[in-house]
Amino acid sequence: MATDNIMKVNLKVWRQAGPKEKGGFVTYENVETTPDTSFLETLDILNESLIEKGEEPIVFDHDCRDGICGMCSLYINGHPHGPATGATTCQLYMRRFKNGETITVEPWRSAAFPVLKDLMVNRNAFDQIQQAGGYVSFNCGGAQDANAIPISKVDADEAMDSATCIGCGACVAACKNGSAMLFVSAKVSQFALLPQGRVEAAKRVKAMVAKMDELGFGNCTNTRACEAECPKRISISNIARMNREFLCAKLKD
Amino acid sequence: MATIDSKIPEGPIAEKWTNYKAHQKLVNPANKRKLDIIVVGTGLAGASAASTLAEMGFNILNFCIQDSPRRAHSIAAQGGINAAKNYQNDGDSVYRLFYDTVKGGDYRAREANVYRLAEVSNNIIDQCVAQGVPFAREYGGLLANRSFGGAQVSRTFYAKGQTGQQLLLGAYSSLNRQIKAGKVKSYNRYELHDIVMVDGRARGIIAKNLVTGEFERFAAHAVVLATGGYGNTYFLSTNAMGCNCSAAIAAYRKGAYFANPSYVQIHPTCIPVHGDKQSKLTLMSESLRNDGRIWVPKKIEDAKKLQKGEIKGSDIPEEDRDYYLERRYPAFGNLVPRDVASRAAKERCDKGFGVNNTGLAVFLDFSEAINRLGIDVVRQRYGNLFDMYEEISDVNPGEFAREINGVKYYNPMMIFPAIHYTMGGLWVDYELQTSVKGLFAIGECNFSDHGANRLGASALMQGLADGYFVLPYTIQNYLSDQITVPRFDPNSKEFIDAQKKCEAEQDALMKIKGKRSVDSIHKDLGHIMWEYVGMGRTKESLETALTKLKELRKEFETNLFIPGKEEGMNVELDKAFRLKDFIMMGELIARDALSRNESCGGHFREEYQTEEGEAKRDDENYFYVGCWNYQGDDNKEPELLKEPLKYEAIKVQTRNYKS
Amino acid sequence: MSNSCLSSIGKKLIMSISGLFLVLFLLFHMSMNLVAVFSGEAYNAVCEFLGANWYALVGTMVLALGFIVHIVFAFILSLQNRKARGTERYAYQEKPAAVEWASQNMLVLGCIVFVGLILHLSQFWYKMQFAEIAGITNQYGVADGAAWMQYYFSQLPVVICYLVWFVAIWFHLSHGFWSALQTIGWNNKVWMDRWKCISNIFATVVMLGFAAVVIAAYIKSLC
Numbered sequence: 011m012a013t014d015n016i017m018k019v020n021l022k023v024w025r026q027a028g029p030k031e032k033g034g035f036v037t038y039e040n041v042e043t044t045p046d047t048s049f050l051e052t053l054d055i056l057n058e059s060l061i062e063k064g065e066e067p068i069v070f071d072h073d074c075r076d077g078i079c080g081m082c083s084l085y086i087n088g089h090p091h092g093p094a095t096g097a098t099t100c101q102l103y104m105r106r107f108k109n110g111e112t113i114t115v116e117p118w119r120s121a122a123f124p125v126l127k128d129l130m131v132n133r134n135a136f137d138q139i140q141q142a143g144g145y146v147s148f149n150c151g152g153a154q155d156a157n158a159i160p161i162s163k164v165d166a167d168e169a170m171d172s173a174t175c176i177g178c179g180a181c182v183a184a185c186k187n188g189s190a191m192l193f194v195s196a197k198v199s200q201f202a203l204l205p206q207g208r209v210e211a212a213k214r215v216k217a218m219v220a221k222m223d224e225l226g227f228g229n230c231t232n233t234r235a236c237e238a239e240c241p242k243r244i245s246i247s248n249i250a251r252m253n254r255e256f257l258c259a260k261l262k263d
Numbered sequence: 161m162a163t164i165d166s167k168i169p170e171g172p173i174a175e176k177w178t179n180y181k182a183h184q185k186l187v188n189p190a191n192k193r194k195l196d197i198i199v200v201g202t203g204l205a206g207a208s209a210a211s212t213l214a215e216m217g218f219n220i221l222n223f224c225i226q227d228s229p230r231r232a233h234s235i236a237a238q239g240g241i242n243a244a245k246n247y248q249n250d251g252d253s254v255y256r257l258f259y260d261t262v263k264g265g266d267y268r269a270r271e272a273n274v275y276r277l278a279e280v281s282n283n284i285i286d287q288c289v290a291q292g293v294p295f296a297r298e299y300g301g302l303l304a305n306r307s308f309g310g311a312q313v314s315r316t317f318y319a320k321g322q323t324g325q326q327l328l329l330g331a332y333s334s335l336n337r338q339i340k341a342g343k344v345k346s347y348n349r350y351e352l353h354d355i356v357m358v359d360g361r362a363r364g365i366i367a368k369n370l371v372t373g374e375f376e377r378f379a380a381h382a383v384v385l386a387t388g389g390y391g392n393t394y395f396l397s398t399n400a401m402g403c404n405c406s407a408a409i410a411a412y413r414k415g416a417y418f419a420n421p422s423y424v425q426i427h428p429t430c431i432p433v434h435g436d437k438q439s440k441l442t443l444m445s446e447s448l449r450n451d452g453r454i455w456v457p458k459k460i461e462d463a464k465k466l467q468k469g470e471i472k473g474s475d476i477p478e479e480d481r482d483y484y485l486e487r488r489y490p491a492f493g494n495l496v497p498r499d500v501a502s503r504a505a506k507e508r509c510d511k512g513f514g515v516n517n518t519g520l521a522v523f524l525d526f527s528e529a530i531n532r533l534g535i536d537v538v539r540q541r542y543g544n545l546f547d548m549y550e551e552i553s554d555v556n557p558g559e560f561a562r563e564i565n566g567v568k569y570y571n572p573m574m575i576f577p578a579i580h581y582t583m584g585g586l587w588v589d590y591e592l593q594t595s596v597k598g599l600f601a602i603g604e605c606n607f608s609d610h611g612a613n614r615l616g617a618s619a620l621m622q623g624l625a626d627g628y629f630v631l632p633y634t635i636q637n638y639l640s641d642q643i644t645v646p647r648f649d650p651n652s653k654e655f656i657d658a659q660k661k662c663e664a665e666q667d668a669l670m671k672i673k674g675k676r677s678v679d680s681i682h683k684d685l686g687h688i689m690w691e692y693v694g695m696g697r698t699k700e701s702l703e704t705a706l707t708k709l710k711e712l713r714k715e716f717e718t719n720l721f722i723p724g725k726e727e728g729m730n731v732e733l734d735k736a737f738r739l740k741d742f743i744m745m746g747e748l749i750a751r752d753a754l755s756r757n758e759s760c761g762g763h764f765r766e767e768y769q770t771e772e773g774e775a776k777r778d779d780e781n782y783f784y785v786g787c788w789n790y791q792g793d794d795n796k797e798p799e800l801l802k803e804p805l806k807y808e809a810i811k812v813q814t815r816n817y818k819s
Numbered sequence: 091m092s093n094s095c096l097s098s099i100g101k102k103l104i105m106s107i108s109g110l111f112l113v114l115f116l117l118f119h120m121s122m123n124l125v126a127v128f129s130g131e132a133y134n135a136v137c138e139f140l141g142a143n144w145y146a147l148v149g150t151m152v153l154a155l156g157f158i159v160h161i162v163f164a165f166i167l168s169l170q171n172r173k174a175r176g177t178e179r180y181a182y183q184e185k186p187a188a189v190e191w192a193s194q195n196m197l198v199l200g201c202i203v204f205v206g207l208i209l210h211l212s213q214f215w216y217k218m219q220f221a222e223i224a225g226i227t228n229q230y231g232v233a234d235g236a237a238w239m240q241y242y243f244s245q246l247p248v249v250i251c252y253l254v255w256f257v258a259i260w261f262h263l264s265h266g267f268w269s270a271l272q273t274i275g276w277n278n279k280v281w282m283d284r285w286k287c288i289s290n291i292f293a294t295v296v297m298l299g300f301a302a303v304v305i306a307a308y309i310k311s312l313c
C-alpha cells in the first residue's frame, strides 16, 4: 500500500559544468523522499531545493518517464538504470533503497558518449549508426498490401523482441569494453528476420558495423553485461545473429 | 471579423480526397530540389512528414528538442493503430471507421477530414509493414487485430504493448535514410522559439540550441509544426516531461487560430497521484478494461474506512461493491469511451466514494477474471502491466488477498483519470495549413480529426496519416507558386529582428530574479487547471480560473527565479520559456470552455448535463469549431471566430453507450 | 574477406578461430598425456614420433603462430576496448549476477596461462624437441618424456604451479569455448545454455585429464 513514510538518502552525484570542464562528485545529504517516490522525482526534489538555495540544478536526461523513450540514463550504484532489472531509471522507485543509504549517481561512461553537462551525455553516435543502414530502402506510397507477404508468427515475434530496444545506451554503459554490439545487433536482427529487411541485409550489416567501429565503440568480448543490464532484456543471441550476418556478407564480397 | 475558409473540396464525401488530389497543383521534381521546408518535431507526424517530403525531393530541416528524433512522445503510445482493412471480415469499412470516429468525437469533428483519415488508414498499415514494423501476426502469417473502446469491430493493429514505439521507429528509420541521403538535415536538442514572417508568410524559425544556449536562424519556403499537444499545461499528465505547447503558441501569436482548446482528453486508467512531489503520471493501458472491473464501495462507511487505511479493497465483499460503469452503461459496461469512464469516476469520488487516502481513486479489479480464467491466463494478458503497477505502488494486482463467503478476492489496482491527450490545437484547413500562409500543423498539434473526444488507437493513425499521406500532397498546392521564390537569407532584417526579440525575452526572464522556481509555479498552474478547468467545469469555476491565471501570470512575471547563466545549457531557463506559454495556454483553455455553454466529449460543463449525468450537447448553438484569434498582445482578450460544421454524410445524434 | 579482419567482428573472428584451434590442440595434448598414466613406454613412443622431424616442426610452427596471433589480437582488442571505455572510470561498480567472472578477466587469465606456458616450455619443449634440434644433451633423453614428467612432477611446488595453471586454463576455456562459437555466429537463444554447458564440461574434462597425469606422477613418486 502507499505509504507516507519519509525516508532520507544521501545522493553522491557527478557534477560537471560542461564537456571540457573537469567534473567531480558532490554529495547531497539527507534528501527527503518517500518509498513511493520515483528516483527521478527524488532528483527533482533535490533540484528544487538547490534552486531555492540559488544553485544550479543537476542536469540529467529524462522525458517520457514511462520507460519507453530511452532518454533517461544514469549509472546508479554500479548499474545502468539502477539496481532494478528490466527497468529504466524512470521506473526505479525509492523503496529499492534503504533509509539513510548513500546512492552514487554517475553519467554513462564511454568514449563514444561524451558528457555534455552533469549526468547528461551525448548519444548522437547511436543515431549515426542507424543512419548508416538501419532502414528498409523504399519510398512512401510504393507499398503493397500489408497482408501480401505472410510472415511466420515466430519470426515476427522474434523481430519484435529485437525491435524493443529503446536506444538508451545502457549496453554501452554496462560494457567494460564500451561496445555497442547489443544495440547494433538488435536493429540488424529485426530487419534480418523479416522478408522486407532481408533484401538489403548484407549491405546493412556491413554499413552499420563499419559505422560502429568508426565511432570508437569497443569490441564485444561476450561478457553478457549488456544483456544483464538491458532495461528491455534484449538477448545477446542478436549479437550472434549479427556476427553470422556480417561474416556471411563479407564472405560474399 | 475574419471569415474562415476550410477549403473543403466539392463532391460527395467519399470522393472529396480523390477529387482534391486529381485537381491540386503539384511541384515538378526539378523544382522540388529548390524548395526548403522546416519540419519541427519528430514524432509520428513530424518524422513521417519529414521523411516523405524528403523522398519526394524537397530539402528538409528537421528539429527536435530531445537528443534523438526517436524519443518523441509518440513512442509512449501502447495500444495500437486503427485501420479499416476489414482483415477480420467483421463488417469494417472506411465508412464505419469514419462514422465511429465522428461519433466518438461527439460530433464535433470536421466530416471531410475524418473521412480522409479513414480512407488513408489502410495505406498506413501497408507503409508500416513495408518499413519492417513487426506487427503482431497470426500463426498463418497474416496480421492480427484486437478490439478497442468505442468500436464494434476488431480493427486495431498492434505490436505488443509498444505500437507507438514501433511505428515511430519505422518513421525514424525512413527519416534516417533521408538524413544519410543528405535530404534531411537533422537538428537535435533544438527548440523553436519564434516563427519568422516575411511579407505575411511563414518563412523560417528562430530555434535555440539547447546545448550551447544560442539562438539560431533558419529559413525555408514553408514551416510545418508537428509539436504535439498541450496536456502539460496541467503539470501532471501522462505526457512526457518535455512535451510543451510553445511552438503552437508561437504560431498563435503570429496569427494562427487556436481551435477548440477546451477539448482535453482525460484518460480513465492512470495510477493515482500519491503526493505533492510527483512530477509525472503513469498510464495503465486501456486494454485492462477488457477484463478488469471498475468499482467503488456501495456504502459510504466502507469508503471512509478505505480512505483512513483501516480496511483494504479486498475486505469488501461482492454485494457491497458498486460496479458503477456496468450499472450505468449496461451495453458497453467497463468499455465505454474514455471521457465517459473518466467522468463516472469523478462523479463517484465527488460523492465521497474515493478509495485511497486522497479520496481520488477507484478500484480496477481482476478477481472475477482470475476466478474465471485462472491467474496464468490473466498474467499472460496483463503480466507486464501488473509488474509495472507493482513497481510503482508496491501492490501486486494478481496476488490472492482473502476469501469471503467462498469467493476469492485478489488485490485490486487503484486508478484515477489523468490528462492524456489534447484534441484541440492549431486550426488548419483541409490542406492542414493554419490561418498563417505557409505555416502548416500536423498530428496532435492541429485540431482537425478527433472532435471533442478521441477514440483509442486513433492518435497514431492521425499522426501518420497527416505525415505520410496528406501533408506531402497538400503542401505542394501551396508550394507550387513558390518555385520562383529564391531561398531566403537568414541574415535578413526579419530574421535578425526575430532573434533579437527572442534574446530580449530571455534577458527579461533572467532579470526577474524573484524567489520561485519554474516547477513550483507550474505546479500552481496545474492545480488551477485541474481544479477549475478539469473534468467538470462550471461558469463560476472557469471565471475563477481566469482570475487566478491572471494572478499567476503576474507571479511568473515578477517572482520567477532562474539559476545559472544565459550562456550555455540552462534547463531551468528553457522550462521557464515553456511555462510562460503554458500559462497563456491555460487561459485559452479556460476561455474556450467558458464560451462553450454545452457539454461534449472531453469538455464537460456541469450546468449542461442530463438527469442521469450524461453530457448534454447543444447542436443548435455550438455546432462549430471555436477558433481563437490573437490580438497582438498577451494581455488583450483574443477574438472568437466560428467555423460552422457542416455534416452531409452523418446524421447528428445523441451519443448512446447504454444500449 | 581480407577487409573484415580490420573490423571489430573480423578481429574477434581471428580470436575465435585461433582460440578454437588452441582448444583442439589442448584436446590432442591431453589425450597424448593420458597415455603416460598407463604406460611410460607408449608415451615415449609418441614423443619419439613428435620429435624434430618436418611434420612435427611444421605442427609446432603452426601452433606457435596460433598462440602468437591469439595473444597479439588479445592485446590489440584490449587496448581498443580500454580506449573505448573513455578516460573517466566509474567510481562505483557492481558486477551483475549473470556475468561470469572469467568473461571479464580473460586477459588476466590469458596472462597467467602465458606465464605457465613459459614455465612448461622451459621444462619440456626446451629440453626435448628444442634440444633435439639444437643437439643439446640433457640428463634425460630428448624423447624420454616419461622420465621428464616423473622428474618434474615429483616436486610438490611444480605440481602446485601446474594445478594453479590448470585452474586458470579452465576458467579461460569455460568462457572462451562458447564465446568463440558466439563470435562465429553459431549461437541462438536455445543453444546459448547448451554451449555454456558443453563449454564447462569440455573445460572440466580436458583439465581433469591434464591434472590426472600430474597427480598420478606425484603419487607415484611418493610410493
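As given, the protein sequences belong to chains C, G and D, one line each in that order.
Per the working numbering, the first sequence runs over residues 11 to 263.
Per the working numbering, the second sequence runs over residues 161 to 819.
Per the working numbering, the third sequence runs over residues 91 to 313.
For glycine and all other residues, C-beta sits at the position ideal for the given N, C-alpha and C.
Could you tell me the boundaries of the alpha helix (DSSP H) in which residue i lies?
i, result
"C/GLY143", "134 to 143"
"G/ASP779", "779 to 782"
"C/GLU62", "49 to 62"
"G/ILE656", "653 to 672"
"C/CYS100", "No alpha helix (DSSP H) holds C/CYS100; DSSP gives it neither H nor E."
According to the Cβ coordinates, are residue i and residue j closer than 9 Å?
i, j, result
"G/ILE579", "G/LEU396", "yes"
"G/PHE317", "G/ALA290", "no"
"G/TYR590", "G/TYR180", "yes"
"G/GLU758", "G/ARG751", "no"
"G/GLY309", "G/GLU470", "no"
Kindly indicate which three-state DSSP category residue i falls into: helix, strand or coil?
i, result
"G/LYS714", "helix"
"G/GLY696", "coil"
"G/GLU351", "strand"
"C/THR13", "Only weak support is given to the placement of C/THR13: the predicted model assigns it a pLDDT of 47, under 50, and the value that follows is read from those uncertain coordinates. C/THR13 falls in the coil class under three-state DSSP."
"G/VAL200", "strand"
"G/PRO804", "strand"
"G/GLN813", "coil"
"D/TRP255", "helix"
"G/ILE366", "strand"
Could you check where the beta strand (DSSP E) with residue i kicks off and where it finishes?
i, result
"G/THR429", "424 to 430"
"G/ILE575", "573 to 582"
"D/TYR133", "Unbroken run through D/TYR133 is the alpha helix (DSSP H), 130 to 139; no beta strand (DSSP E)."
"G/VAL567", "567 to 570"
"C/ILE297", "Residue 297 of chain C is absent from the model: chain C starts at 11 and stops at 263."
Would you list the one or two residues that DSSP bridges to residue i?
i, result
"C/GLY34", "C/ARG25"
Do the segment 160 to 176 of chain D and the segment 179 to 197 of chain C touch if we need at least three Cβ pairs shorter than 8 Å? yes
Do the segment 268 to 287 of chain D and the segment 210 to 221 of chain D touch if we need at least three Cβ pairs shorter than 8 Å? no
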